[in-house]
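Reading through the structure tokens given below for one structure.
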Amino acid sequence: MAALPSPRTLDPHQAPSLRWGILGTGWIAERFTASLRRHTTQRIQAVGSRTKESADRFAAAAGARAAYGSYEALVADPEVDIVYVATPHNLHHAHALLAIEAGNHVLVEKPLAVSAAEGSEIAAAATEAGVFCMEALWTLFLPKYDVLRHLLDDLRLDTVLADLGERFAPDHRIFRADLAGGPLYDLATYPLSIAMWALGGPPQRVTASGTPAANGVNGQLAMTLGYADTAVAQLHSTILGATPTTAAFSAPECTIAVDGPFYQPGGFTVTWASGQSLRYDEPAGAHLAGLHFQAADVARRIVAGEIESPIRPLADSVALLEVMDAIREQVGIPLPGTPS
Ligand SMILES: NC(=O)c1ccc[n+]([C@@H]2O[C@H](COP(=O)([O-])OP(=O)(O)OC[C@H]3O[C@@H](n4cnc5c(N)ncnc54)[C@H](OP(=O)(O)O)[C@@H]3O)[C@@H](O)[C@H]2O)c1
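Each residue of the sequence shown is one higher than the one before, counting from 560 in my numbering.
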């Protein structure tokens with residue numbers, strides 16, 4: 560290969576402009592709105608929070624026209640085209656259904672829900688209502704991942720390796736069992752999703768083991784996905800410390816080594832069996848440099864009358880949750896209830 564393919568990702572600035580309603584005013588909502596404002600023509604129309612004070616503060620910073628002290632008021636706003644659900648994992652189900660039942664399109668933070676049963680209910684409700692629905696798996700919308708897709712389509716992989724370990728402040732919600740804490744939903748989403756995406760779908764076998772964090776939530780997970788054609792994904796995720804956060808895809812012809820953090824904008828190296836190697840680079844950057852690509856894709860699809868994105872169809876989100884169900888059962892992580 561003389562050169563790597565170029566990304567086919569369309570210019571996010573050229574996507575039609577939707578009016579977004581932001582449900583929840585936490586860490587990711589702040590970055591999502593900042594990324595949209597910096598890199599697209601999407602409009603932050605309204606914000607809904609459990610408190611009017613938080614909605615007002617967020618609306619002022621994000622340039623939103625309306626601020627509501629309840630999620631119900633947000634989803635009822637006729638000026639909102641699409642609701643972005645940015646609440647803790649075990650509230651995605653309730654809040655996605657709230658938005659869908661009010662007739663809104665919806666982009667739900669990852670993972671779509673906390674079980675395959677919940678995810679399937681969201682998918683069915685969106686299909687029945689005829690509204691667009693997607694899990695916000697932003698990684699797959701990055702230009703880097705389009706180039707990877709192009710390369711992977713011509714390979715038969717044997718092995719995927721990926722890890723995602725991060726340090727958090729002791730008071731972070733990731734250490735709270737009532738908010739579905741532990742690495743599974745926050746971090747393992749990424750290695751599991753890219754492995755399934757690269758290997759062509761759900762695995763035939765899932766094996767997992769884990770160790771608890773000091774306060775009792777799961778602390779780290781070692782996970783293996785096995786495929787009938789003998790391909791294997793070896794994955795790891797932890798909240799006990801930081802890890803390299805790299806990924807590798809290996810086939811007889813070549814190995815693709817993705818720089819850490821593999822799930823954010825950045826680069827990778829392809830090395831062929833001959834020893835030749837080629838490098839892909841894009842400006843590295845965290846959420847602000849990448850969350851907008853998914854939003855631009857969503858806007859294009861909604862204006863085109865589509866109700867899913869082929870880059871992250873709902874069936875893939877539910878398949879991920881089936882694997883997470885298996886991991887939870889094997890490791891003994893209780894199914895989180897819904898917080899008040
Ligand atoms: N795509 C990514 O890279 C990425 C990165 C981080 C997180 N996430 C996902 O985004 C979701 C939110 O994560 P986050 O880090 O933004 O969390 P966060 O900072 O804790 O924000 C969550 C927000 O949810 C609302 N909320 C409603 N009920 C709540 C309850 N019982 N307890 C706490 N908050 C409640 C709150 O907003 P109000 O007070 O305004 O109601 C809160 O600010 C998670 O599902 C996570 O997986 C994605």
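Here a beta-carbon is modelled for each residue, glycine too, at the ideal position from N, C-alpha and C.
- Look at the stretch 677–725 and you find these whole runs of beta strand (DSSP E), each 3 residues long or longer: 692–694, 718–724.
- In terms of Cβ geometry, L666 and Y643 form a close pair [threshold 7 Å].
- Per DSSP, the unbroken alpha helix (DSSP H) holding I861 starts and ends at 850–862.
- Not one heavy atom of ligand 1 lies closer than 6 Å to the C-beta of G741.
- For I581, no alpha helix (DSSP H) run applies; the uninterrupted beta strand (DSSP E) run containing it begins and ends at 578–582, by DSSP.
- Pairwise C-beta distances place the stretch 845–861 in contact with the stretch 581–592, as three or more of them are shorter than 8 Å.
- If you draw a straight line from the Cα of L710 to the Cα of A593, it comes to about 31 Å.
- 7 Å or more divides the Cβ of A790 from the Cβ of A754.
- If you draw a straight line from the Cα of L569 to the Cα of H664, it comes to about 22 Å.
- Relative to ligand 1, the beta carbon of A645 is positioned inside 6 Å of a heavy atom.
- Distance from Q601 to A863 at the Cβ level is roughly 16 Å; contact not present, criterion being Cβ atoms closer than 8 Å.
- A contact between stretches requires three or more CB pairs, one per stretch, nearer than 8 Å, and the stretch 795–803 meets this requirement with the stretch 766–778.
- Taking the Cα positions, G769 is about 42 Å away from L577.
- By the C-beta criterion, the stretch 692–702 is judged to be in contact with the stretch 748–764, since at least 3 inter-stretch pairs fall below 8 Å.
- Contact check for S833 against T718 fails: the beta carbons are separated by 7 Å or more.
- Around the beta-carbon of H652, 16 or more other beta-carbon atoms lie within 10 Å, marking it buried.
- Going by DSSP, S809 is part of the beta strand (DSSP E) stretching over 806–809.
- Within the DSSP secondary-structure output, Y627 pairs in a beta bridge with G607.
- Boundaries for A757: no beta strand (DSSP E) harbours it, while the alpha helix (DSSP H) harbouring it runs 748–758, taken from the DSSP string.
- When the Cα atoms are used, V890 and A767 turn out to be separated by approximately 6 Å.
- Within the same chain, Cβ atoms closer than 7 Å to the Cβ of A574 are found at T599, A855, A858, R859, the five residues on either side in sequence being excluded.
- In summary, H572 is exposed, with fewer than 16 beta-carbon neighbours lying within 10 Å of its beta-carbon over all protein chains present.
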